Amino acid sequence: MLDVDRVRADFPILGTKVNGRSLVYFDNSATAQKPVQVMDAVREAYMVHNSNIHRGVHHLSDVMSGLYEDARNKVAKFINAREEEVLFTAGTTQGINMLAACLAESEIGKGDVVLLSEMEHHSNIIPWQMACAKVGASIRVLPIKDDGSISIDGLSDILDEKVKLLAISQVSNVLGMVNPIKKITQACHENGTLVMVDGAQSVPHLKTDVKELDCDFLVFSGHKLHAETGIGVLFGKKDLLEELPPTQGGGGMVDKVTMTSSTYAEVPQRFESGTPNYVGAISLAAAIDYMMSLGMDDIIEHEKVLNGEMMRSLGRIEGVTVYGDGAERCPIYSFNIRGLHPYDIGQILDKMGIAVRTGNHCAQPLMARLGISGTVRASLSFYNTVEEISDFIDGLEKAVSILE
Ligand code: PLP
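Take a look at the structure:
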């Protein structure tokens with residue numbers, strides 16, 4: 021089992037006092053805290069190795085280029101991909117925008133359809149709306165059931181020859197439930213439909229295996245995985261990436277350039293124009309090293325304990341509705357308490373040093389489907405404890421008594 025006290029010692033920010041109380045950080049879906057191991061790796065990168073990559077013959081450039089490519093290799097192993105299938109991006113949002121722009125130049129054309137589930141984050145909606153508008157394609161919605169799950173039969177019914185791509189989160193940032201991606205990719209591939217998985221909320225909590233999922237593309241953000249902001253990953257199956265036209269030109273992505281035309285570098289460099297966030301990539305590698313040193317199995321076991329405790333404790337609060345009801349879930353809990361505004365609850369919790377998020381969580385279509393304008397969201401990580409859940413529940417009960 022995870023030694024949570026020892027783990028917490030790696031995250032100095034968790035010792036912060038807020039309003040005179042020990043911080044309870046339950047906003048991990050927005051961004052996760054960083055262990056000293058990641059901060060040390062970033063510091064070392066700037067103190068000892070800093071140099072632009074891939075362009076120099078000198079020692080530092082060579083070392084930094086090696087570290088950057090080592091980071092790619094580490095990410096590839098973490099998600100069971102090939103090295104050349106891992107593109108570094110600025111984060112989930114940029115990865116989806118880049119993919120949507122590339123696909124709109126190739127796979128998605130006039131009259132085609134992009135299928136989006138009803139639970140998607142705005143970052144997995146708007147880039148597709150833009151791409152569809154550009155080429156004359158349209159969006160179709162994959163509805164969710166009342167319990168927040170996806171129906172595979174419903175998916176099969178909605179697929180036809182026009183649907184070129186399904187973009188879907190593996191775990192919704194509101195519902196926390198794990199979508200059956202393997203079954204979804206199977207149904208889509210039978211129809212010749214590509215699948216892009218938004219892994220922003222799943223990669224930090226699950227073992228990710230792109231071969232097992234058989235997804236065509238997967239995106240995620242480093243900062244939700246305990247690395248720096250401004251770094252993320254777009255995985256794509258190699259044969260698909262090789263067919264995609266790059267949409268951003270510049271240094272580093274070319275083979276031969278004349279004033280009137282250019283040929284491009286191989287995948288993945290073809291999609292990484294300009295100076296990449298190489299220190300961010302090092303931070304991501306350090307975060308992955310850190311999580312592997314804890315062990316994903318132990319992380320998952322501990323989060324299961326947190327899940328059980330959270331479900332039991334929330335269920336005891338009078339008038340509570342928890343959105344998303346799956347057996348397999350990540351520790352992300354969105355809820356409302358009858359008659360109370362989420363924002364008011366969030367503010368009172370803050371007074372007690374408890375950080376949660378309130379609002380629509382960049383998922384307005386899902387809020388509309390649920391018939392609400394917002395929720396309180398408590399999202400946990402492996403460094404959170406059962407004692408913190410108890411403080412959170414005490415805080416909620418106090419908020420209820422004040423607001424009622
Ligand atoms: N997709 C999901 C499911 C998310 O939860 C988020 C962020 O909360 C994003 C996409 C966007 O991630 P980022 O802001 O790191 O690009």
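When the letters of the sequence shown are read in order and numbered with this note's numbering, they come out as residues 21 to 424.
All C-beta atoms, glycine included, are put in the ideal place defined by N, C-alpha and C.
Predicted model, so just to flag it, every value in this text is computed and none were measured.
Item: For Ile159, the first and last residue of its enclosing beta strand (DSSP E); Value: Ser158 to Leu162
Item: Span of the beta strand (DSSP E), counted from its first residue to its last, around Ser187; Value: Looking at the sequence provided, one finds Ala at residue 187 rather than Ser. Taken as a continuous stretch (DSSP letters only), the beta strand (DSSP E) holding Ala187 covers Val183 to Ser189.
Item: Proximity to Gly174 [Cα-Cα], best of Ser189, Met21, Cys208 and Ser192; Value: Cys208
Item: Any non-hydrogen atom of the ligand PLP closer than 6 Å to Gln190 Cβ; Value: no
Item: Distance, Glu408 Cα to Val62 Cα; Value: 30 Å
Item: Proximity winner among Tyr363, Val299 and Gly359, relative to Tyr88 (alpha-carbon distances); Value: Val299
Item: Rounded separation between Gly196 and Asp82 - CA only; Value: 42 Å
Item: 7 Å Cβ cutoff met for Thr395 and Ser354; Value: yes
Item: Beta-carbon contacts of Gln206 that lie in its chain and below 8 Å, excluding the five residues immediately before and after; Value: Asp234
Item: Cα-Cα separation between Leu186 and Asn193, rounded to whole angstroms; Value: 18 Å
Item: Nearest residue (CA-CA) to Glu263, options Glu248, Ala285, Ala247 and Lys182; Value: Ala285
Item: Burial state of Ile422 (16 or more Cβ within 10 Å); Value: exposed
Item: CB-CB length for His142 against Cys382, believed under 8 Å; Value: 4 Å
Item: Ile357 and Gly339 closer than 7 Å at C-beta; Value: yes
Item: Short Cβ contact (7 Å threshold) for Leu400 with Phe46; Value: yes
Item: Beta-carbon proximity check, Val56 vs Asp30, cutoff 7 Å; Value: yes
Item: Per DSSP, the bridge partner or partners of Met216; Value: Ala187 and Phe237
Item: Assigned secondary structure, Val420 (DSSP; H/G/I helix, E/B strand, else coil); Value: helix
Item: Residue environment, Leu35, which counts as buried when at least 16 other CB atoms sit within 10 Å; Value: It is worth fixing the name first, because residue 35 is Gly in this sequence and not Leu. Exposed, because fewer than 16 other Cβ atoms sit within 10 Å of the Cβ of Gly35.
Item: Identity of the residues DSSP links to Gly379 by a beta bridge; Value: Thr395
Item: Nearest residue (CA-CA) to Thr112, options Ile146, Gly131 and Met84; Value: Ile146
Item: Residue(s) in a DSSP beta bridge with Asn356; Value: Thr341
Item: Bridge partners - Tyr284, DSSP secondary structure assignment; Value: Val274
Item: Under the three-state DSSP convention, the category Phe291 falls into; Value: helix
Item: Inter-residue Cα distance where the pair is Gly272 and Ser282; Value: 12 Å
Item: DSSP three-state assignment for Tyr403, whether helix, strand or coil; Value: coil
Item: Distance CB(Phe237)-CB(Ala220) smaller than 7 Å; Value: no
Item: Residue range of the unbroken beta strand (DSSP E) whose run includes Phe108; Value: Val106 to Thr109
Item: Beta-carbon gap between Val191 and Ser171 smaller than 7 Å; Value: no
Item: Ala306 Cβ short of 6 Å to the ligand PLP heavy atom set; Value: no
Item: Spatially closest choice to Val161 from Leu22, Lys203, Arg389 and Ser393, by CA coordinates; Value: Arg389
Item: Gln384 CB to nearest heavy atom of the ligand PLP below 6 Å; Value: no
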